[in-house]
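Participant: One structure is given below, represented as structure tokens, and several questions about it will come after.
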Amino acid sequence: MNGYRLSLALLVLAIAQSASVNGGKHMKSDLLCSQCSVCDSDKCPPSEAYPHMTAFDDTLIAGALQSDYVSSKDKGVYSVPNIKGGESEKYNEYYGWESTSGSADSFHRFRNYMSKCSSESYLTVDKHGTVSLRALESLESLGEADWKSINPPKMLNHREFRFWMSRSTGKCLTVFGGKTEKRVGVSDCKFDGSNPYQLFAFRFHFHKAFCCCGQYNE
């Protein structure tokens, strides 16, 4: 019996040490702490209030500081690898997008949660079709920040995918492929689903996502 208790105690100790080492090692984020140490409170808000947007291939749609792949100075929006918080020694996920009402009925706006470190910024598109993070007061029209959700055809109407059509351009949010990076822009809407890279979904299941230096959700 004593041998059993000793073995059990050693097992519990090993698990605790492993969790401590892994948690301490994996939950560091040098990039975040070098660019953004601003915290609104002593704990992260509920992650469901700031879901991550994913593309059809399950990559993440990320703006400034929503991924270690995008810095605070970059105003572009990208499709980046899906990193699970706390499981990567090099990369971590930060908080996602807050959805608010647009300037017209049935339209939405998406604020970058991490914009507290890089000005109050929203997902926008200009008259040239360039998608970027910009402040509302810098826009020629508030419609540049307005996006309308449109359901895909039945064959693709699963996993909560949606088209997002710009109010100002009438075009749809689109992921454009590249050899080194996939940038998000707009293109003519293909509501028949022939361009799956116009389909996006919001996911609420991300854990251990950073909201500021040294803080993350569970």
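Read in order, the letters of the sequence shown correspond to residues -23 to -1, 1 to 195 in mature numbering (1 follows the signal peptide of the UniProt record, and there is no 0). Note that beta-carbon positions come from the ideal geometry of N, C-alpha and C, so glycine has one too. Keep in mind the model is a prediction, meaning the values are calculated, not measured.
Could you please give the first and the last residue of the uninterrupted beta strand (DSSP E) stretch that includes L9?
Facilitator: Here L9 belongs to no beta strand (DSSP E); instead the alpha helix (DSSP H) covers 7 to 12.
Participant: Determine the extent of the beta strand (DSSP E) in which F140 is found, giving its start and end residues.
Facilitator: Per DSSP, F140 belongs to the beta strand (DSSP E) from 140 to 143.
Participant: Using alpha carbons as the reference points, say which of E66, L133, A26 lies closest to L8.
Facilitator: Ranking E66, L133, A26 by Cα distance to L8 puts E66 first.
Participant: Which residue or residues does DSSP assign as beta-bridge partners of F179?
Facilitator: Its beta-bridge partners are M30.
Participant: Under 8 Å between the Cβ atoms of C21 and C190?
Facilitator: No.
Participant: Can you list, in chain order, the residues of its chain with a C-beta nearer than 7 Å to that of P130? Leave out the 5 residues immediately preceding and following it.
Facilitator: Hits under 7 Å: D169, G170.
Participant: Quick check on R144: buried or exposed, where buried means 16 or more other Cβ atoms within 10 Å of its Cβ?
Facilitator: Classification of R144: buried, given that the 10 Å Cβ count is 16 or more.
Participant: Tell whether a beta-carbon distance below 8 Å holds between E75 and A122.
Facilitator: No, the pair does not count as a contact, with Cβ atoms beyond the cut-off.
Participant: How should F181 be labelled, buried or exposed, when 16 other C-beta atoms within 10 angstroms of its C-beta is the threshold for buried?
Facilitator: Classification of F181: exposed, given that the 10 Å Cβ count is below 16.
Participant: I'd like to check one pair, L116 with V54: are the Cβ atoms closer than 8 Å?
Facilitator: No, the Cβ-Cβ distance between V54 and L116 is not below 8 Å.
Participant: Roughly how far, in whole angstroms, is the beta-carbon of T31 from the beta-carbon of A186, given that I think they are within contact range, below 8 Å?
Facilitator: 14 Å between Cβ atoms; not a contact.
Participant: Is S24 buried or exposed, if buried means 16 or more other CB atoms sit within 10 Å of its CB?
Facilitator: Classification for S24: buried.
Participant: Of the residues E64, H29, Y71, which one's Cα is nearest the Cα of Q12?
Facilitator: Answer by Cα proximity: Y71.
Participant: Suppose the cutoff is 6 Å on Cβ atoms and the five residues either side in sequence are ignored; what does the same chain contact list for K93 look like?
Facilitator: Excluding positions up to five away in sequence, the list reads V15.
Participant: Looking only at its own chain, which residues have a Cβ that is under 7 Å from the Cβ of D103, when we skip the five neighbours before and after it?
Facilitator: Hits under 7 Å: E121.
Participant: Return the CA-CA distance between V(-3) and G62, expressed in angstroms with no decimal places.
Facilitator: Confidence at V(-3) is low in this model, with a pLDDT of 35, below 50, so its placement is unreliable and no value can be given for it.
Participant: Under the rule that 16 or more other beta-carbon atoms within 10 Å means buried, what is N128, buried or exposed?
Facilitator: So N128 ends up on the exposed side.
Participant: For S118, collect the residues of the same chain with a Cβ closer than 7 Å to its Cβ; drop the 5 residues on either side in sequence, then sort them by chain order.
Facilitator: Cβ within range, chain order: S145.
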